[in-house]
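The structure under discussion appears below in the form of structure tokens.
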Amino acid sequence: MSELQREVFELEKKSASAARLFDIRRIIGGLFTLYGVIVGAAGVFASDADLKKAQGININLWTGLGMLVLGVFFLVWLKLRPTAPPVPEEG
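Structure representation (structure tokens):
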């Protein structure tokens, strides 16, 4: 393998890694998981006045759990179906 071929192979490998790093599922899943934990924690520590405003429903807790489930779904989807590396063009 010549030096040029080795260099091209290394660049293709780095390009595939960069494509996987910035997969939108990772960003969406991470943000929804983080926000779900924050909003869910606000729901766990809700005061009686907050619950009274929402007619007795702990809306922060339920919204936080929903966001957490959606974020974990995106992260599991990313893990089970990773993006394929780009195919090098012939010619």
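Numbers given in our numbering equal positions in the sequence shown, counted from 1, plus 2.
Just so it is clear, CB atoms sit at the ideal spot from N, CA and C, and this is done for glycine as well.
Span of the alpha helix (DSSP H) holding residue i?
i   : result
I59 : That residue, I59, is in no alpha helix (DSSP H); it is neither H nor E in DSSP.
Does DSSP put residue i in a helix, in a strand, or in coil?
i   : result
R83 : coil
D50 : helix
F11 : helix
F34 : helix
F24 : coil
Quick test of your reading: residue i and residue j, contact by CB under 8 Å. State the CB separation rounded to the nearest angstrom.
i   : j   : result
G42 : G66 : 3 Å
R28 : L80 : 6 Å
Are residue i and residue j touching if we call contact CB-CB under 8 Å?
i   : j   : result
L70 : N60 : no
G31 : F76 : yes
N62 : A51 : no
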